[in-house]
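Since the structure comes first, as structure tokens, the remarks are kept for the end.
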Amino acid sequence: MDSDQFPGWHGTTIIGVRKGGKVVIAGDGQVSLGQTVIKGTARKVRRLQVKGADVVAGFAGSTADAFALLERLEKKLEATPGQLQRASVELAKDWRTDKYLQKLEAMLIVSDGTDLFVITGAGDVLEPEHDVTAIGSGGNYALAAGRALMDSDLDAEAIARRAMAIASDICVYTNGNLTVETVGG
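Add 1 to the 1-based position in the sequence shown for the working numbering, that's all there is to it.
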């Protein structure tokens, strides 16, 4: 959906946490239009279907746009097996330079269990400095909570779940209905 046509649409919160040899990507299920929750059980974290690779991706933004990007990322991974960083950079290059892709409104968090990246339409492939990253409506809340919990005894999944719970307590566009995927370890 074009955000100009539907300016009140709000989406999601996605967090990626790398700790103890594992990466967990978690996302809430809420999609809102203004003050109305349209859906509370959307699934915005998925395993990619790439032969010989175990990659998890979470997305914020337009669902159709995110799926178009995930399909392209799968093709990049097929062309560069086992090289998530290279595939991510190639996707970001295409996204930045292709006139069709430039109109896509979404962000991705991707991981293969070792690497953890945020990919944006501005051509960015960002690896978090503190092994936690987050995107979406409640992303800053989840990021702050996740970073605060990194020094605790909690594992990656517990940190992601707790950070998402905190974000859902603060952000009205985030709920506690989580999809959680673990990769690595």
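Cβ coordinates follow ideal geometry from the N, Cα and C atoms, glycine included.
In this text, all values refer to a predicted model and were calculated from it rather than measured experimentally.
In the DSSP assignment, what residue or residues form a beta bridge with residue i?
i, result
"Glu182", "Ile26"
"Arg19", "Val24"
"Val56", "Note: Val56 sits in no beta bridge, so no partner."
"Ala107", "Gly62"
"Lys94", "The partner list for Lys94 (beta bridge, DSSP) is empty, contrary to what the question assumes."
"Val187", "Outside the displayed span of the chain (2 to 186) sits residue 187, for which this structure offers no information."
"Ser112", "Val57, Leu117"
"Ile136", "Ile15"
What distance in whole Å lies between the Cβ atoms of residue j and residue i, which are believed to be in contact at a cut-off of 8 Å?
i, j, result
"Asn176", "Gly41", "6 Å"
"Gly137", "Gly22", "Wrong, their Cβ atoms sit about 26 Å apart, outside the cutoff."
"Ser189", "Ile120", "This structure gives no information on residue 189, because the portion of the chain shown stretches from 2 to 186."
"Leu117", "Arg19", "5 Å"
Tell me whether residue i is buried or exposed, calling it buried when 16 or more other Cβ atoms sit within 10 Å of its Cβ.
i, result
"Ala80", "exposed"
"Gln36", "exposed"
"Glu91", "buried"
"Thr98", "exposed"
"Ser4", "Any reading at Ser4 is ruled out, since the residue's pLDDT is 45, under 50, leaving its predicted position unreliable."
"Asp113", "buried"
"Ala168", "buried"
"Ala65", "exposed"
"Thr115", "exposed"
"Tyr101", "exposed"
Among the options, which one has its Cα closest to the Cα of residue i?
i, options, result
"Thr13", "Leu78, Asp29, Gly185", "Asp29"
"Val126", "Asp152, Arg87, Asp154", "Arg87"
"Gln31", "Asn178, Ile171, Phe68, Ser153", "Asn178"
"Ala67", "Ser169, Thr183, Gly122", "Gly122"
"Gly17", "Val173, Met151, Ile171, Lys77", "Met151"
"Ala69", "Ala135, Ala93, Leu105, Lys100", "Leu105"
"Val24", "Val173, Leu78, Pro129, Ala146", "Pro129"
"Thr183", "Val173, Ala159, Leu144", "Ala159"
"Lys45", "Asp55, Gln103, Ile15, Thr134", "Ile15"
"Asp95", "Gly83, Leu78, Thr180, Gly124", "Gly124"
"Asp170", "Gln84, Ala143, Leu71", "Ala143"
Practice item. Inspect the CB distances between the segment 48-58 and the segment 155-164 and report whether three or more fall short of 8 Å. Key: By the C-beta criterion, the segment 48-58 is judged not to be in contact with the segment 155-164, since fewer than 3 inter-stretch pairs fall below 8 Å.
**Study point:** Segment contact flag, the segment 54-68 with the segment 97-117, C-beta cutoff 8 Å, min 3 pairs
**Key:** Yes, since at least three Cβ pairs between the segment 54-68 and the segment 97-117 fall closer than 8 Å, the two stretches touch.
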